[in-house]
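Per the UniProt record's numbering, residue 1 is the first one in the sequence shown, and the count goes up by one each step.
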Amino acid sequence: MELGLPFETYLEQYQYKYLALYHAIRAAIHSGKLPEGTRLPATRKLAKLYGVSRGSAAQSYDMLMAEGYVVSRPGSGTYVAEGIIRTDQPPIAEQSPILSAWGQRLMSHREEYQEQASTMLLLEQPPPDTISFASARMPIEDFPYTEWRSALSYAGGRGGAGLQSGAPPEGDIELRRAIAGHLRFTRGIPADPEHIVIFSGSMQGLVLLFQLLVDPGDQVIMEDPGYQGIYRGIKLSGGNPLPSPVDDAGLIPHDWEAGLLVVSPSRQYPTGAVLPLERRRALLNWARKRQAFIIEDDYDSEFRWGGKPIEPLKMLDDEGRVIFVGSFSKTMFTGLRIGYAVLPPSLVEAIIQAKALYEPISPAQLEQRALARFIVRGGYGRHLRRMTRLYGNRYETLRQAMDAQASDLFRLHPGDAGLHVYANWLCSPEEYAAFQDAARRRGVMFRDASVYHRTPGPPAACFGFSHLDIAHITEGVNRIAEAWQDMQKS
Ligand SMILES: Cc1ncc(COP(=O)(O)O)c(C=O)c1O
1 MELGLPFETY LEQYQYKYLA LYHAIRAAIH SGKLPEGTRL PATRKLAKLY GVSRGSAAQS
61 YDMLMAEGYV VSRPGSGTYV AEGIIRTDQP PIAEQSPILS AWGQRLMSHR EEYQEQASTM
121 LLLEQPPPDT ISFASARMPI EDFPYTEWRS ALSYAGGRGG AGLQSGAPPE GDIELRRAIA
181 GHLRFTRGIP ADPEHIVIFS GSMQGLVLLF QLLVDPGDQV IMEDPGYQGI YRGIKLSGGN
241 PLPSPVDDAG LIPHDWEAGL LVVSPSRQYP TGAVLPLERR RALLNWARKR QAFIIEDDYD
301 SEFRWGGKPI EPLKMLDDEG RVIFVGSFSK TMFTGLRIGY AVLPPSLVEA IIQAKALYEP
361 ISPAQLEQRA LARFIVRGGY GRHLRRMTRL YGNRYETLRQ AMDAQASDLF RLHPGDAGLH
421 VYANWLCSPE EYAAFQDAAR RRGVMFRDAS VYHRTPGPPA ACFGFSHLDI AHITEGVNRI
481 AEAWQDMQKS
């Protein structure tokens, strides 16, 4: 039978082919277009009909089967199940709501969200026995549970004064003081707790800043490659993100016609480049000349085992042009959702108003208190030093193994901080595509860095190493070399 599903329409809505097929078939069953007992095409035929892989076709059938829409009769095929309640309307979940212009912008950029979510939430789980360099986070065994538990218990007991009445939108004052002390001591930033605002993850702070500082059509400068969340945040605030090139030394300064720049100078995301002092000064001069603000995204630089200590832009900022944004997602755990900004005094009131709109009472005050205790008692500093040594060793293992076995394939960007390393692919783009498959077959994965590039360029990859021990890193690189050998043979 000819199915005639509006596959393209569903694909536009759901982005993934298997999801589009699943929703299209489900809607056809609901509407009665596919009556009960109908025999559905075999996965091979379905895949051919809609130009999808057989895996996607099979996955859509598996989902329909799990929900009881279809049944499989061994040796005979897949059939629409009996007894499904028909509605001549599409199911409620599939009727399009009428959204505001902002809501429509939001929905039209969900592709960037998929990319962002798949990197943040690790939606793509590696098959068992695969060594995955695709992740870049602290493994659960390395987390300082004992000290963290005691900080939590202190915050919920003796140290919990005021928890009943809640914290103001700018966050618990004890945490703001603790962060100010930590930044003064470790980064040389003369931060005043009154100028620090706590957010539910640094992403919330970034988005509120875009909402406050960007008018529809305004040009906002961001790094290319850079973090997809920033692109999306600017776009959805109505701004016009202008991706600007990054080289081995980070963002290349330019006299942009813009009032806002987002940059990661201490460790460029994702390449890891450290912006030299001349470029930092050039950015500050630009901001002065244009009366612009610079958002310094310091997401990924706390674990620094090599190189000189880096002076944040915020430390050099004597004109109140730099907003320093930090996060505990990498140094503690992503689900903690605690980020912060150190603001120029002129912006403090506006950002508190913006924060108060969404969260008039700051959430997770217990965790904020515990984190303050953990920092002030020195537990956080000890944890950072311990992890820094560990990750420095893991990075060195990866670097040496890649040098010895894969130097014809990848050029690793020099790294002296962070949880992943960025690498340019040295062979052809066609070979890169084939190599990703060959590597998967050998049981090793890495992250394709094209998700970070606004302007398509030569292939690159990110190798996360923090969560793997020395033996797994070594074995993972062996598999990379073997995957390349497999390709040469075939
Ligand atoms: C470069 C960069 N900045 C900011 C963020 C936001 O981090 P969070 O909201 O977890 O603090 C991320 C998250 O992955 C990131 O990669």
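Even for Gly, the Cβ is constructed at its ideal location relative to N, Cα and C.
The Cβ atoms of residue 274 and residue 281 lie no closer than 8 Å to each other. Residue range 77 to 80 is occupied by the beta strand (DSSP E) that includes residue 78. Within 10 angstroms of the beta-carbon of residue 59 lie 16 or more other beta-carbons, which makes it buried.
CA-CA distance, residue 471 to residue 300, rounds to 25 Å.
Beta-bridge partners assigned by DSSP to residue 445: 132. Taken atom to atom, the span from the alpha-carbon of residue 143 to that of residue 453 is near 32 Å.
Runs of the beta strand (DSSP E) spanning 3 or more residues and lying entirely within the stretch 256 to 294 occur at 260 to 263, in chain order.
Under the DSSP definition of a beta bridge, residue 240 partners with 219. Rounded to whole angstroms, the gap between the alpha carbons of residue 22 and residue 78 is 14 Å.
Within the chosen limit of 7 Å, ligand 1 does not reach the beta carbon of residue 222 with any heavy atom. For the 8 Å CB-CB criterion, residue 283 and residue 253 form a contact. In this chain, the beta strand (DSSP E) harbouring residue 340 covers 339 to 342. In this structure residue 307 is exposed. Its beta-carbon is surrounded by fewer than 16 other beta-carbon atoms within 10 angstroms. Between residue 207 and residue 340, the gap from beta carbon to beta carbon reaches 8 Å or more.
By alpha-carbon distance to residue 373, the top candidate from 229, 392, 155 is 155. For residue 359, the closest alpha carbon among the candidates 170, 51, 28 is that of 170. Residue 335 sits away from residue 130, with the two beta carbons spaced by 8 Å or more.
Unbroken alpha helix (DSSP H) runs of no fewer than 4 residues, entirely contained in the stretch 415 to 477, are found at 429 to 442, following chain order. Each residue's CA atom was taken as its position, placing residue 244 and residue 34 some 50 Å apart.
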